[in-house]
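Some notes on the structure that comes next.
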Amino acid sequence: MKDLLLVSSGIRLSCLIDYKIPSNLESILTRLKKFPLIQKTKIVQIDDFVFLMNPSTFRACLVKRHQPVYINISSGCGIPKLCTQDQVEFIDNKIKTICDLVNSNLENPLITLKPDLGAFILTLAGSFLEYPFIYFQDPKQDPALGNCLSNVPLTIFQPMVQLGKETALIWNQIDDKRDTSQSYFSILSCSVPTTLLEDLHPNSHQDQSLLVNHLFGVFIERLLMTHDYWAFSSLKIEQVVLQHVLL
């Protein structure tokens with residue numbers, strides 16, 4: 047429900063449905079439409095990935111898109127590295143092609159595309175989820191070789207928002223079993239290799255507000271426009287090292 051409200055209210059462009067689509071999703075979307083904040087949402091399936099997408103936010107991002115940092119995690123790299131300019135251009139062009147396809151089908155109730163993206167679907171998902179750091183695997187590499195994130199120190203970011211009175215009211219009417227004590231949520235959760243973060247933002251540990259504005263400014267702008275419904279709370283930061291990273 048949290049992701050549904052974040053997407054349908056325009057705070058997030060989309061969310062990834064990595065579980066079975068709820069049988070009552072259409073009913074929930076219909077009930078949400080009576081609230082002023084709520085906008086239309088679309089279900090978009092690309093290969094085997096299913097997204098719940100806000101068409102208005104999607105179209106706005108086509109006009110003004112925040113440029114993320116692309117990180118090459120191909121196993122052949124040995125360690126994660128920033129993508130080269132050629133790789134960045136390849137990624138941007140491929141994402142634009144898929145976005146144009148989605149845009150041309152936005153009037154359809156259910157958008158299904160089968161471009162057979164292989165490992166690139168992870169990069170596309172990162173773009174649709176508006177991650178500030180997006181992972182990329184070289185299409186020339188055998189996907190079975192995996193990635194080079196294992197045993198690499200990662201910094202995980204979770205921008206937290208507080209549920210406003212209007213949103214709590216909507217939630218309670220849609221789901222009367224909601225735990226009312228749960229008033230703080232993460233907009234999303236994303237990671238970046240810590241060494242690259244230190245190279246890109248060497249003073250991030252000294253001034254967190256600069257980091258928030260730079261990495262998550264797009265969400266802050268949307269939150270300010272809907273301050274009766276959501277409010278930015280804090281940026282949760284965690285350091286982890288994982289023995290095996292499966293994407």
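Using this note's numbering, you'd call the opening residue of the sequence shown number 47 and step up by one each time.
Ideal placement from N, C-alpha and C gives every residue a C-beta, glycine not left out.
Since the model is a prediction, treat every value here as computed from it, not as a measurement.
- If the five residues before and after L156 are omitted, its C-beta is found closer than 7 Å to the C-beta atoms of I89, all from its own chain and listed in chain order.
- The beta carbons of E284 and I202 sit closer together than 9 Å.
- Of the candidates T241, V286, L269 and F278, T241 places its Cα closest to the Cα of P126.
- Taking C-beta atoms under 8 Å as the contact rule, L168 and L293 qualify, at a distance of about 5 Å.
- Check the Cα spacing between Y230 and each of S280, G172, L175 and P114: the tightest is with S280.
- For the set K211, M206 and P239, the Cα lying nearest the Cα of I266 is the one of M206.
- DSSP assignment within the stretch 103 to 164 yields the following whole alpha helix (DSSP H) runs of 4 residues or more, N-terminal first: 131 to 150.
- Distances from the alpha-carbon of T130 to those of S102, I117 and G124 put I117 closest.
- Where V264 is concerned, the enclosing alpha helix (DSSP H) starts and stops at Q254 to M271.
- In the three-state scheme derived from DSSP, where H, G and I count as helix and E and B as strand, P101 is classed as helix.
- Taking 8 Å as the upper bound for CB-CB distance, F179 and P114 are in contact here, some 6 Å apart.
- Rounded to whole angstroms, I137 and L257 show a C-alpha spacing of 24 Å.
- For I167, the uninterrupted alpha helix (DSSP H) segment begins and ends at F166 to F174.
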